[in-house]
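In order, the protein sequences belong to chains D and E. Here our numbering is used: the first residue of the first sequence is 13, the next is one more, and so on. Here our numbering is used: the first residue of the second sequence is 13, the next is one more, and so on.
Number of protein chains: 2
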Amino acid sequence: MPVTITAFERSPDGGRGLARDTRVRWALEEVGQPYEVRLISFKAMKEPAHLAIHPFGQIPTYEEDGLALFETGAIVLHIAERHAGLLPAETNARARAIGWMFAALNTVEPPILEFTTARVFEADKPWSRERLPLAEAPVHVRLRQLSAPASATPIGSTARSARAI
Amino acid sequence: MPVTITAFERSPDGGRGLARDTRVRWALEEVGQPYEVRLISFKAMKEPAHLAIHPFGQIPTYEEDGLALFETGAIVLHIAERHAGLLPAETNARARAIGWMFAALNTVEPPILEFTTARVFEADKPWSRERLPLAEAPVHVRLRQLSAPASATPIGSTARSARAI
């Protein structure tokens with residue numbers, strides 16, 4: 013089978029790239045790997061056929077002959093290992109680049125996701141207004157850390173950031 | 013230099029493994045790789061010497077000749093790639109195993125961390141009691157998904173889980 017990924021059938025942009033499939037599409041485009049896109053509904057995402065390739069019922073997935081993957085990090089790493097150009101060739105540089113892939117997914121994304129949850133999905137809660145700054149602060153901490161040269165003065169931290177991250 | 017990792021100087025167990033260094037120690041022990049542990053204080057974690065090897069000022073880090081890594085996923089993957097026994101040798105099985113590494117860090121851990129934040133760090137907030145079940149529900153969803161065979165009936169979801177994950 014050709015390389016096939018999944019994306020939302022209905023997302024604000026019609027499944028063309030503002031959801032997590034963006035990461036996979038970007039990697040595939042960069043290396044010039046042709047691929048097909050199977051658009052699936054929110055309902056189908058939670059049904060057995062899709063759960064068989066994505067146990068958490070999400071998109072994107074990646075399929076090629078004999079292999080089905082989920083998790084954008086794993087999919088992008090798989091693509092990067094099979095095509096030149098996405099990762100450095102030198103061993104240590106490669107390990108460091110992979111380190112930043114994990115950092116993006118495990119250290120940078122989670123506070124952004126928590127903030128998004130607070131802003132979008134708890135907007136109607138009585139605590140929303142008071143809690144939102146607490147959820148936003150760690151995002152700024154992470155972004156400042158990303159912007160700081162390693163030798164710079166330690167990042168100032170809020171009460172929230174000091175305790176939580 | 014010998015393989016050296018960092019851990020908390022003061023953690024509830026005295027830096028012996030209940031923090032994220034556990035993952036790295038476990039991998040090193042499994043493959044029989046000797047290592048040294050440098051214990052560092054919370055203050056030192058945010059200072060330039062440590063930020064130079066961990067830009068987010070956390071533990072653990074991993075150092076060997078010519079290479080410093082952070083992010084437990086990257087460190088464990090690095091160890092697994094250099095020693096037999098942690099990853100399958102067959103290419104597709106290996107890609108799937110790496111997929112589960114990303115899943116653990118990017119899909120399973122974040123809701124647990126958000127719940128922990130709600131339970132521990134927002135325990136004194138006026139909204140704590142009402143919000144805690146909202147933060148807990150996604151953890152149960154993930155754990156049920158992990159327990160479900162791929163062909164099983166889709167996982168029931170709460171209002172929170174349906175919207176957020």
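For glycine and all other residues, C-beta sits at the position ideal for the given N, C-alpha and C.
- Taking the C-beta atoms as reference points, E:D33 is found nearer than 8 Å to E:A19.
- Chain-ordered, the chain E residues with CB closer than 8 Å to the CB of D:A107 read L79, L81, A86, H90.
- Annotation for E:I65: no alpha helix (DSSP H) segment contains it, and DSSP assigns it neither H nor E.
- Counting along the chain, D:V15 sits inside no alpha helix (DSSP H), nor does DSSP assign it H or E at all.
- With respect to the 8 Å criterion, E:G111 and E:E42 are not classified as neighbours on the basis of their beta carbons.
- Against chain D, the beta carbon of E:I124 has no neighbour under 9 Å; the closest one sits roughly 10 Å away.
- For the pair D:P46 and D:V88, the CB atoms are not nearer than the 8 Å cut-off.
- Along the stretch 115-145 of chain E, the positions whose C-beta sits under 8 Å from a C-beta of chain D are A115, L117, N118, T119, E121, P122, L125, E126, T129, F133, E134, K137, P138, W139, E142, R143, read in chain order.
- Every alpha helix (DSSP H) of 4 residues or more that sits fully in the stretch 69-115 of chain D is shown, in chain order, as 84-94, 103-115.
- E:K58 and D:Q157 have their alpha carbons spaced roughly 11 Å apart.
- Taking C-beta separations shorter than 6 Å and ignoring five residues to either side along the sequence, the partners of E:F127 in its chain run A147, E148, V151, following chain order.
- Ranked by Cα distance from E:T84, the options E:F114, E:A101, E:A109 are led by E:F114.
- For E:P67, at least one C-beta of chain D is nearer than 8 Å to its own C-beta.
- Between the alpha carbons of D:T129 and D:P72 lies a gap of roughly 20 Å.
- Judged by beta-carbon spacing, E:M13 lies within the 8 Å limit of E:E75, meaning their Cβ atoms are closer than that value.
- Here E:V120 has R154 as same chain residues with Cβ atoms under 6 Å from its own Cβ, once five neighbours each way along the sequence are excluded.
- Counting only Cβ-Cβ distances below 9 Å, E:Q157 has contacts in chain D at L63, P67, F68, G69, in chain order.
- With its beta carbon at least 8 Å from every one in chain D, E:I17 lies outside the interface.
- In the displayed model, E:E134 falls within coil according to three-state DSSP, outside both helix and strand.
- D:P67 is classed as buried because its beta carbon has at least 16 other beta carbons within 10 Å across all chains shown.
- Ranked by Cα distance from D:R35, the options D:R22, D:I65, D:F82 are led by D:F82.
- Of the residues E:L40, E:I17, E:I91, E:V132, the one whose Cα lies closest to the Cα of E:I65 is E:I17.
- When C-alpha distances from D:A109 are compared across D:L99, D:L117, D:N118, the shortest belongs to D:L99.
- At a cut-off of 8 Å between C-beta atoms, D:G44 does not count as an interface residue with respect to chain E.
- For E:I110, the closest Cβ of chain D is nearer than 8 Å.
- In this structure, the CA atom of E:H62 is about 7 Å from the CA atom of E:G69.
- For D:E59, the secondary structure class from DSSP, reduced to helix, strand or coil, is coil.
- Look at E:L51 here: in three-state DSSP terms it is strand.
- Looking at the DSSP output, E:F20 sits in a beta bridge with E:I52.
- Ranked by Cα distance from D:R94, the first of E:I91, E:P122, E:N104, E:H90 is E:N104.
- Under the 10 Å beta carbon count, D:P123 is surrounded by 16 or more other beta carbons and is classified as buried.
- Leaving aside the five residues that flank D:V49 on each side, the residues in its chain whose CB is nearer than 6 Å to its CB run, in chain order, I17, A19.
- DSSP places E:D25 outside both helix and strand once states are collapsed to three, so it counts as coil.
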